[in-house]
Structure formats: structure tokens, C-alpha cells
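Position 28 of the sequence shown, counted from 1, bears residue number 28 in full-length UniProt numbering, the numbering being contiguous throughout.
Comments concern the structure below.
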Amino acid sequence: MPLPFGLKLKRTRRYNVSSKSCLVTRIQLLNREFVEFTLSVESTGQECLEAVAQRLELREITFFSLWYYNKQHQQRWIDLEKPLKKQLDKYGLEPTVYFGVVFYVPSVGQLQQEITRYQYYLQLKKDVLEGRIPCSIEQAIRLAGLAVQADFGDFNRYDSQEFLQKFVLFPIGWIQDERVLEEATQKVALLYQSYRGLPAPEAEMLYMQEVEKMEGYGQESYQAKDGTGTDIVLGACLDGIFVKHKNGRPPIVFKWNEINNMSHNKSFFALELANKEESVQFQTEDMETSKYVCRMCLARHKFYKINKSSLQSQPTVVNPVRRRSSTRMSLPKPPFMMPPPQMHYHSNGHFTEPYTTSQDNLYMNNQNGYYYHSQTSLDRSPLEYGSGGRLRNGSVYSAHSTSSLTNPQHYTQPSPMSSNPSITGSDVTRPDYVNPNNVVISHVTHLHPQRMQSEHL
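This is the structure we're talking about:
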């Protein structure tokens, strides 16, 4: 018997909206939590990004964006000006969207908001662990020690080496020798002990300050060929467009202030330089790649020009502020045990997992069109919020995360102050945001801190 309202019950026992006018978008955050939003099929990437920012209480969203895996398993940043659904349908490997840092700053001290610094820290840690920022063994040990202190705080360090072996401390697949890995883990344990008493925000800041000096920081690269047909690595960094040759030749960097314009034609990407009459051309894999490379390089160029003065100013003083809404995990007292997941039985005969986030409704119209922020806890959600034991906005879930969310101080947070100027081409900055499409966040919840366990530091 078909279900009403276009709902389909899949094998996962989860309802997906199957309407021509809306879709459920799943987004993975930097702490590996999943959140879901119900969007209009015409909702842009910018609207989805601002919904995520509202959830995180993040105002400095200029540095962040959303990305997906294309059908060639490559990471691609979403065009925030265009409808999200059309991009995922045409290019996406799967409907999952990922939140991350798209524009890096020369100094992390320039980040104003603590939640911005925390998300930035999670991104840099991800870059290191996934190998995008190469590091030596000594650097990896220092970073791992700071990450442990940032994520776990002053945990009882009895047998801390055995405790640390449960987590990913170093880039995946980086250390193959078990003996070397054990020695490195022991050094991390000793370093971790020396950081006792160091507040988590300071440990995060030290981690980021270490990473920002490393090669590969803030870089995004693509495979290409130069004018002679030689294979190169073409990419963008903080300073400009770089070209790395695979034959050992020193890299070339075209500074942002030396670049007048960038363009693409078929599979070719071209740079128009201020001191040269002829443009410099590079050949990419195909026309779609050259178009994407041009779009992202133009975005970075625009970000550089808009923020040139502020990025070159003195770093801001990092003062303690209200605790972030997404914080590091809370650890149990020793002996350390990974609690098994508990399955909860509902009156409708279904089992649900205890790890929960919320599904937010961006499609429900409101007469005022403003963002709304509620603090309903899913852990104590009364059944009257839904029917049959289900929440009004649908099913909720998450993956294991790098850090659990704690209950923040409750206060009304204004909507994101600024959009991403580089990708959308919109330089609008305003104290609050009224969405012309009446897109609303109707339900925001927070995770119980003891229900999440970390797989990665």
C-alpha cells in the first residue's frame, strides 16, 4: 500500500520525502556529525550553507562552504549561487554534502569568533590526518599531542599510551612499521602529559599555528599539463596560483596582485598577467575541470582582493569567550571502556540508535521569513512533538564524531552576518538575514555529550 504525502519507507527504516517541490539534504559537519535539512528543490547552496551556519551559531561564514564528491570521486565545491539539487543530480556521486573551510587565512589569530576557530581547527586536523598537509614524524607527534589535549583535556593519564592506541593520531597509512608507530605513540603520551592544565582553546590555537607554517597549508591542487605538454600540479594557495613540476624543477607562483584575469576555453585554463602581453595556458582533464578550476581560482582571487587589507592587518587578540556549541568530547573516568550502543524500542515497533542529531526543516514557510532557533533536546523529546514516537521533522541520526556536542548557553543568535563573497559574487554584509524565499530553520537541537565517542582525534 503506497504511503501518503509521497513518503517512501526504505530498508533503513527511514522516511525520505519524495516530493517534486522539496528534498531532504544530508550534510556532514567537520566533527563528522550528520544533520539533515528539508529544502526546496530551488534552494541554492548559499541558503543551505546559511542554515548550517545558523545551526553552528557561526557568523564568520565567509571562510566556509559546502562540497561533494563528483562521479569521478573528486572533491568539488558547490556553486553557492545555483540550486543545490541540480548540481548534485548532474555531478554528484551521492546526495551527501560536506561542510568545510574553503578560504584559508595567513594567520589563524585573525579569526574573530571562537566557534570559527574551532571549526577551523577541525578542518586543519582533517587536512593533516588525510595527508593533504604533509608533515615529518616530529611535526606529527607535536600535532597529535596538542590534538589529544584539545579533544580530551586533562583526562586521567594512567596508562595513557594504551588509551591513545584506540585513536588515529597520525596520517592514515603513514606509519607502516608497528615498532615505529608504538614509539611515536609513546612520545605522544609523554607530550600529552606535559600539556596538563592547558585549556582546550589554547591547545587548538597552538595546533593551528603549527599547521599554518607547514607546506600545503591552504592549498587546493589539480592535475594538468603546461604549454609543452608536461604533467604538472596546478593549484591555488594563499599567495596566488602555483605550478609544481613533477621532474623536480622549483615551483612557480603567480602572485594574486600579478594576475589581471583568468578564463577557460574548452579544456584550457588561462592566466592573464599584468606584466605579460600573452596569457599563460594550462590544459586540464576536460572542459568541466577547466571550468571548475577557473571558477575556484576566480573565487580565491576575489577573496584576496576583498580581504587584502584585513588579512594583512595585525592578528586579533584571542580572548576567552562563551563556550562553543560544538566542543570536544567528555571522557569517562578510567578504566576507559567504549560503551556499546543502546537500541531504543518505540511503540511503532522500530528500533532507533541513540546517536542523534536533528533534521531541520528549511521548507516550512513562515509569515515573517526569519530564522528561528529552538532548544528542544532530542534526548528528552516528548512524544507529543510527533506522532507514533517520531519527531515532527522526521528521523534523526549521526555518525561517530571527533567531538561531542554539549549544551550551550541558550540565547538567540542572529542569522549569519555575511555570505561567501567569493563563490556567490555577493558582497552583502548585514547584521541579520531575511531570506527572500522564506526558508526557515524550524528546529535546532543539541547532542547529549555522553552519547558520542571519537574515532579520530
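Just so you know, even glycine gets a beta-carbon here, dropped at the ideal spot from N, CA and C.
Practice item. Mind checking which residues open and close the alpha helix (DSSP H) that includes residue 181? Key: Note, residue 181: alpha helix (DSSP H), 178-194.
Residue 192 vs residue 149 beta-carbon contact at 8 angstroms:
Cβ distance < 8 angstroms, so residue 192 and residue 149 count as in contact.
Alpha-carbon to alpha-carbon, residue 51 and residue 24 = Taking the straight line from one Cα to the other gives about 13 angstroms.
- Could you check where the beta strand (DSSP E) with residue 128 kicks off and where it finishes? In the DSSP assignment, residue 128 falls outside any beta strand (DSSP E) and lies within the alpha helix (DSSP H) extending over 114-129.
inquiry  = Which residue marks the beginning of the alpha helix (DSSP H) containing residue 459, and which one marks its end?
reply    = Lying outside 1 to 457, the shown extent of the chain, residue 459 is not represented and no answer is given.
Determine the direct distance from the alpha carbon of residue 296 to that of residue 90, and round the result to whole angstroms. Separation of residue 90 and residue 296 (C-alpha to C-alpha, rounded to the nearest whole angstrom) is 19 angstroms.
- Tell me whether residue 108 is buried or exposed, calling it buried when 16 or more other Cβ atoms sit within 10 Å of its Cβ. Looking at its Cβ environment, which holds 16 or more other Cβ atoms inside 10 Å, residue 108 is buried.
**C-alpha distance - residue 347 paired with residue 264, whole-angstrom precision** = With a pLDDT of only 43 at residue 347, under 50, the local geometry of the prediction cannot be trusted, and the value read off the model is given with reservation. Answer to the nearest angstrom: the Cα atoms are 58 angstroms apart.
- residue 6 (DSSP reduced to helix, strand or coil): Because residue 6 sits at a pLDDT of 48, beneath the cut-off of 50, its placement in the model cannot be relied upon, and the point is left open.
Entirely enclosed alpha helix (DSSP H) segments - the region 68-98, minimum 4 residues = For the region 68-98, the full-length alpha helix (DSSP H) segments reaching 4 residues or more read 84-91 along the chain.
Subject >> In DSSP terms, what residue 35 is bridged to >> reply: Residue 35 pairs with 27.
Have a look at 275, 182, 199 and 292 and flag the residue whose alpha-carbon is nearest the alpha-carbon of residue 235.
Sorting 275, 182, 199 and 292 by C-alpha distance to the C-alpha of residue 235 places 292 at the top.
Q. Any idea what DSSP makes of residue 20, helix, strand or coil?
A. In the structure shown, residue 20 sits in coil (DSSP, three-state: anything other than H, G, I, E or B).
Exercise. Considering only residues of the same chain and omitting the five flanking positions on each side of residue 88, which have a CB-CB separation below 7 angstroms?
Worked result: If we look at residue 88 and ignore the five residues flanking it on each side, its Cβ neighbours are 68 and 95.
Check whether the Cβ atoms of residue 222 and residue 124 lie closer than 8 angstroms to each other.
No, the Cβ-Cβ distance between residue 222 and residue 124 is not below 8 angstroms.
Between the CA atoms of residue 213 and residue 164 - distance to the nearest angstrom
Answer to the nearest angstrom: the Cα atoms are 26 angstroms apart.
Taking residue 73 and residue 93 to be in contact with their CB atoms under 8 angstroms, please state how far apart those CB atoms are, rounded to whole angstroms.
The beta carbons of residue 73 and residue 93 sit about 6 angstroms from each other, so the pair counts as a contact at 8 angstroms.
* To do: Give a yes or no on contact between the region 99-106 and the region 20-40, applying the rule of three or more CB pairs nearer than 8 angstroms.
  => Counting C-beta pairs with one atom in each stretch, the region 99-106 and the region 20-40 have three or more that are closer than 8 angstroms, which means they touch.
The beta strand (DSSP E) enclosing residue 271, as first and last residue numbers: Looking at the DSSP string, the run of the beta strand (DSSP E) that includes residue 271 is 268-273.
Inset, instruction - Could you have a look at residue 197 and say whether DSSP puts it in helix, strand or coil? - result: Annotated three-state conformation of residue 197 is coil, per DSSP.
*asked:* Helix, strand or coil for residue 202? Go by DSSP, reduced to three states.
replied: When DSSP states are grouped into helix, strand and coil, residue 202 belongs to the helix group.
Is the region 73-86 touching the region 133-147, taking contact as three or more C-beta pairs under 8 angstroms? No: the two stretches stay apart, fewer than three of their Cβ pairs being nearer than 8 angstroms.
#### Entry: residue 235 - containing beta strand (DSSP E), residue span
Element bounds for residue 235: 231-236.
Exposed or buried, residue 60, counting other C-beta atoms within 10 Å across all chains shown (16 or more means buried)?
-> Here residue 60 is buried: its Cβ has 16 or more other Cβ atoms, across all protein chains shown, within 10 Å.
Which listed residue (233, 266, 262 and 238) has its alpha carbon closest to that of residue 250:
Among 233, 266, 262 and 238, the Cα nearest to that of residue 250 is on 233.
*By DSSP, does residue 260 sit in helix, in strand, or in coil?*
Strand, per DSSP.
Check: Among 62, 35 and 34, which one has its Cα closest to the Cα of residue 46?
Finding: It is 62.
Is the separation between the beta-carbon of residue 189 and that of residue 170 shorter than 8 angstroms? At the C-beta level, residue 189 and residue 170 stay beyond 8 angstroms of one another.
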